[in-house]
Each structure stands twice: as structure tokens, then as C-alpha cells.
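Remarks on the structure that follows.
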Amino acid sequence: MSGFPSIFHASDDRYIGDEDVPIIFGEKIATPKEYAEATQAIGTLLKGHFSCRYYLPKPVEKSVIQDIISAARHSPSGNNMQPWAKVYCIAGDIKEKIAAATVKAHKENPEAYDAQYQYYPTGPIPKLYADRRGEYGKRFFAPFKIDRSDSNARNEITLRNFNFFSAPVAFFFTIDQALTKGSWLDVGYFLQSIVLAARARGLETISQEATAKYQLIMRQHLPIPDNEVVMVGMCMGYPDLDKIRQFYAKQPRRPVGDIIEFFGM
Ligand SMILES: Cc1cc2nc3c(=O)[nH]c(=O)nc-3n(C[C@H](O)[C@H](O)[C@H](O)COP(=O)(O)O)c2cc1C
1 MSGFPSIFHA SDDRYIGDED VPIIFGEKIA TPKEYAEATQ AIGTLLKGHF SCRYYLPKPV
61 EKSVIQDIIS AARHSPSGNN MQPWAKVYCI AGDIKEKIAA ATVKAHKENP EAYDAQYQYY
121 PTGPIPKLYA DRRGEYGKRF FAPFKIDRSD SNARNEITLR NFNFFSAPVA FFFTIDQALT
181 KGSWLDVGYF LQSIVLAARA RGLETISQEA TAKYQLIMRQ HLPIPDNEVV MVGMCMGYPD
241 LDKIRQFYAK QPRRPVGDII EFFGM
């Protein structure tokens, strides 16, 4: 189902086992042209990333989601613990029910809910990050042309989180509460793999820490065991490009030279 060609040849002994998983023993398995195509494709997928907040009302096939998870599960993890406990995938009636309950809770009684961890520090954060966060907010709200002091208008926009941005599919990711930061790091690899595997199929996503706050509502509708922490949500679907063009706010990235420092090379 992938719209993204594999660079690997599926017919020789570099493939072991009954899965389409290439096992590479340090040899070059693609031609220079194939590497060039792969470099371009992965660059496009990575650099074209944006958080998608508008979706077409077009369903996503279950088999496509299975394909995406099938690719993403090859993400690395410390000691291969694969600590992504479960991906709860919702669509249709159950998604609408959870959305309605979450929107209601967010409007009427948000103090009654809490995520099971602090995504952001509760105290002050270093100025560098506070400034970036402020810049994000400015850019995000600018296309809506609302007054920055109009908290009602801002809330209405934020509220779309709890409606899953009208995406046809939403996910919740959990992790065992006994696991620690290293395993949370592992899940980050897994999440980004899903984002890329989705893009390669013409699908877009948005990650959502906002929905973790309403984990009690999810637990009312989904069989999430007590030992699982709801880490983060994600919406997925085919992008509504007309709306995206209207409200798109490119979030800038730090220059390479600011991120990496070389030693000995
Ligand atoms: C783990 C994670 C959680 C996020 N949670 C939310 C969220 O709850 N609501 C939202 O609108 N965006 C959320 N975002 C999207 C970020 O705001 C976005 O990635 C960032 O501003 C960069 O913009 P871009 O993804 O469009 O390039 C989240 C992103 C990540 C990685």
C-alpha cells in the first residue's frame, strides 16, 4: 500500500525469515541512484513535516494503519524492550463519543482532570525555551487574525484539540508506569517512525500532549489497564490542504550550526 518505493530488493538472501525485513550485513544493498532517491525521499518526508490540524472527511483504511505500525515497530529501543505498551486507535462512533465527552469536560470542568505526568515543568522554564514557546504561540495564532488578548477566541481554537481536529483517526500511546525516562525516549523514536511512515502514505498527523490530561475519559471508553500511563495522543488523516493553506503557520527550526558542535572533525 505504500506510495513510497522501497530501496531494497526483495528477492535475495539479504532477507531472512518470513517478513519483508531487510537484514543488512554492512554491505551496500542499493545502487547510487537508489540511495539518491532515498535521500531525497526521506529529506522530503522530514523537511516537509508540519502538524496537521485540518483533515478531509476521508476514512483511513485499517490495513494502512497496520502497515504504518508494522514499519514503526522496527524502531530501536534500549535492550529491545519495545516499551510502547499499546497503541489505542479510535475512529467512528467511539472517537465521536470520546471527543464529545472530552470537549464537555474541557469546557465545564477542566480542573477535575490531570495527565499522569508533567509534560512541561510546573515552575518557570529557562528563558531560552520560554521565548521559543512564546514565538510559537504568536506564529500559531497569527493566521486566525484574533486579538491576542481575546482568550475566548483562543480557547475556541485550542478546543479543536479535544475534537481530534476532526481527524478520521486518533491514537493514544501508553507506557508501563514502572518504566523510566530511557523507555520514554524509546517511545519517542517509535512515534516519529509513525509520523514518517504516515507521511510516506499521503497521511498527515499531529501529536497531542493536550489529550493526555483527559486520560480518565479514555479509560471510561477503552480497556486501558491501571499500570499503563497515557503518554500522548496523535491524530491522523488525509490533509485538507485548502484549510491548511489558510491557517498554516510555519514553525521555524534552529540552524544546524546552533544544534551541533563538532570535535575532532
Ligand atoms: C509530543 C508532542 C506533543 C504535542 N502536543 C500538541 C498538542 O497537544 N496540541 C497541538 O496543537 N500541537 C501539539 N504538538 C505540535 C507542536 O506544537 C508542533 O510540533 C511544533 O509547534 C512545531 O510545529 P510543526 O510540527 O507544525 O512543525 C505536539 C508536538 C509533539 C512532538
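End of the sequence shown sits at 265 in full-length UniProt numbering; the numbers just go up one at a time, nothing left out. Glycine residues also receive a C-beta, built at the ideal position from the N, C-alpha and C atoms.
As assigned by DSSP and simplified to three states, the class of residue i
i	result
Tyr214	helix
Met265	coil
Lys86	strand
Ile98	helix
Gly257	helix
Ser207	strand
Asp176	strand
residue 267	Nothing can be reported for residue 267: it is not among the residues displayed for the chain, which extend from 1 to 265.
Ala249	coil
Check whether residue i and residue j have beta carbons under 8 Å apart
i	j	result
Gln208	Met231	no
Thr205	Cys89	no
Ile217	Thr174	no
Ile65	Val169	yes
Ala72	Phe190	yes
Gly202	Tyr248	no
Phe171	Val60	no
Chain-order list of residues whose beta-carbon lies under 6 Å from that of residue i (same chain, five-residue window excluded)
i	result
Tyr119	Glu209
Leu179	Pro83
Ala153	Ile146
Trp184	none
Leu56	Tyr238 and Asp240
Local Cβ density within 10 Å of residue i, reported as buried at 16 or more and exposed below that
i	result
Asp114	exposed
Tyr214	buried
Met236	buried
Ala212	buried
Pro126	exposed
Lys95	buried
Thr122	exposed
Arg253	exposed
Arg199	buried
Residues near residue i in its chain [Cβ-Cβ closer than 8 Å; skip 5 each side]
i	result
Leu46	Leu196
Contacting residues, own chain, Cβ-Cβ under 7 Å from residue i (five flanking each side not counted)
i	result
Tyr117	Val229
Ala85	Thr174, Ile175, Asp176 and Glu228
residue 323	Nothing can be reported for residue 323, as the shown portion of the chain is limited to 1 through 265.
**Contiguous alpha helix (DSSP H) assignments of at least 4 residues, all confined to the segment 23-69** = 32-47
**Request:** Just list the alpha helix (DSSP H) runs in the segment 103-167, keeping only unbroken ones of 4 residues or longer that don't cross its boundaries, in chain order.
**Result:** 127-141 and 151-159
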